[in-house]
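Here is the structure we will look at.
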Amino acid sequence: GAGVSQSPSNKVTEKGKDVELRCDPISGHTALYWYRQSLGQGLEFLIYFQGNSAPDKSGLPSDRFSAERTGGSVSTLTIQRTQQEDSAVYLCASVSPTGVGTDTQYFGPGTRLTVL
Amino acid sequence: GNSVTQMEGPVTLSEEAFLTINCTYTATGYPSLFWYVQYPGEGLQLLLKATKADDKGSNKGFEATYRKETTSFHLEKGSVQVSDSAVYFCALSDRVSGSARQLTFGSGTQLTVLP
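Each protein sequence line maps, in turn, to chains L and W. First residue of the first sequence: 3, per this note's numbering; consecutive thereafter. First residue of the second sequence: 18, per this note's numbering; consecutive thereafter.
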């Protein structure tokens, strides 16, 4: 696609429920990143994919968070048993594999998650 | 570890005023430096970047120079417009594993430009 897309744009859920957030990167971009933007913590790195593998999961805040990527394209971030402190905007970014822009991350519009 | 410190906001300026948003960084390697902008209701957009010392990034009248000696990447614009009202994030990109580069962000600076 023309840019990184994310769905849903907004998600309201009840505490304790599971949620899935989707990211569709720019076509051909092999690296994909998830970040979280919250009022108290600013922008935090969560996880990174190169192809379908996630060599760096160090930013995931707890074992309730997981992510996968299939076919080297779409990625899903899953939060189990959501808590109110999970409320944030979840951002996805992708990176071109070659060329001068290889360290430039292109961001999607984000998914705003609200846990009641 | 890596960190980015940027000027706290909010910053309020009149149209055509000069803008400076300070940004300093700490990094163990040789990072690339970025300014991202987030307009109201929109996602993060790359504003400009610099990949090595003394490089100057520029876009839409904004400029920032990568200063290794002062570990700084201050954002400047000579004459701001109302449409520049947004949140500005300074960030650095450093290698984490293989070819991966994780972004470390500053806390963001809210800019409001009044007509």
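A virtual CB, placed ideally from N, CA and C, is assigned to each residue, including glycine.
C-beta contact flag for residue i and residue j at 8 angstroms
| i | j | result |
| --- | --- | --- |
| residue 36 (chain W) | residue 51 (chain W) | no |
| residue 77 (chain L) | residue 33 (chain L) | no |
| residue 69 (chain W) | residue 83 (chain W) | yes |
| residue 7 (chain L) | residue 26 (chain L) | yes |
| residue 77 (chain W) | residue 106 (chain L) | no |
| residue 106 (chain W) | residue 55 (chain W) | yes |
| residue 23 (chain L) | residue 113 (chain L) | yes |
| residue 46 (chain L) | residue 61 (chain L) | yes |
| residue 37 (chain L) | residue 79 (chain L) | no |
| residue 111 (chain W) | residue 34 (chain W) | no |
| residue 9 (chain L) | residue 90 (chain L) | no |
Paired residues, beta bridge with residue i - DSSP
| i | result |
| --- | --- |
| residue 72 (chain L) | Note: residue 72 (chain L) sits in no beta bridge, so no partner. |
| residue 33 (chain L) | L:52 and L:97 |
| residue 80 (chain L) | L:22 and L:68 |
| residue 62 (chain W) | W:54 |
| residue 47 (chain L) | L:37 |
| residue 4 (chain L) | The partner list for residue 4 (chain L) (beta bridge, DSSP) is empty, contrary to what the question assumes. |
| residue 107 (chain L) | L:97 |
| residue 126 (chain W) | W:105 |
| residue 38 (chain W) | W:92 |
| residue 97 (chain W) | According to DSSP, which records beta bridges pairwise, residue 97 (chain W) is partnered with nothing at all. |
| residue 81 (chain W) | W:74 and W:92 |
Reference residue i, options the options, closest by Cα
| i | options | result |
| --- | --- | --- |
| residue 42 (chain W) | W:123, W:34, W:132 and W:57 | W:123 |
| residue 127 (chain W) | W:39, W:119, W:72 and W:80 | W:39 |
| residue 88 (chain L) | L:73, L:24 and L:43 | L:43 |
| residue 20 (chain W) | W:105, W:131 and W:120 | W:120 |
| residue 98 (chain W) | W:25, W:24, W:32 and W:85 | W:32 |
| residue 26 (chain W) | W:104, W:71 and W:100 | W:104 |
| residue 85 (chain W) | W:71, W:100 and W:118 | W:71 |
| residue 49 (chain W) | W:100, W:88 and W:95 | W:88 |
| residue 64 (chain L) | L:12, L:13 and L:49 | L:49 |
| residue 75 (chain L) | L:53, L:91, L:58 and L:39 | L:53 |
Neighbourhood of residue i by C-beta, 8 angstroms cutoff - its chain only, sequence neighbours within 5 removed
| i | result |
| --- | --- |
| residue 51 (chain L) | 33, 34, 35, 69, 71 and 77 |
| residue 5 (chain L) | 28, 108 and 110 |
| residue 30 (chain W) | 36, 97, 128, 129, 130 and 131 |
| residue 125 (chain W) | 23, 26, 55, 104, 105 and 106 |
| residue 28 (chain W) | 36, 38, 126, 127, 128 and 129 |
| residue 57 (chain W) | 102 and 103 |
| residue 73 (chain W) | 67, 80, 81, 82 and 83 |
Residues near residue i by beta carbon distance below 7 angstroms, same chain, minus five either side
| i | result |
| --- | --- |
| residue 17 (chain L) | 84, 85, 86, 117 and 118 |
| residue 66 (chain L) | 81, 82 and 83 |
| residue 75 (chain W) | 65 |
Contacts around residue i, its chain only, beta-carbon distance under 6 angstroms, and the 5 residues preceding and following it disregarded
| i | result |
| --- | --- |
| residue 3 (chain W) | This structure gives no information on residue 3 (chain W), because the portion of chain W shown stretches from 18 to 132. |
| residue 19 (chain L) | 84 |
| residue 99 (chain L) | 32 |
| residue 14 (chain L) | 116 |
Residue i CB to nearest heavy atom of the ligand GDP below 7 angstroms
| i | result |
| --- | --- |
| residue 13 (chain L) | In terms of ligand content, the structure shown is empty, and the ligand GDP therefore cannot be addressed. |
Using Cβ-Cβ distances below 7 angstroms, what residues of the stretch 35 to 65 of chain L are close to chain W? Correct list: 44, 45, 47, 50, 52, 57 and 58.
Given a limit of 8 angstroms on CB to CB distance, which residues of the stretch 104 to 116 of chain L reach chain W? 104, 105, 106, 107, 108, 109, 110, 111 and 112
Given a limit of 7 angstroms on CB to CB distance, which residues of the stretch 72 to 95 of chain L reach chain W? 93
Residues from the stretch 55 to 71 of chain W in contact with chain L, defined by Cβ distance under 8 angstroms: Those would be 59, 60, 61, 62, 63, 66 and 68, in chain order.
Within 8 angstroms of chain L by C-beta, residues of the stretch 78 to 104 of chain W in sequence order: none
For the stretch 36 to 52 of chain W, which residues have a beta carbon sitting closer than 8 angstroms to at least one beta carbon of chain L? 49 and 51
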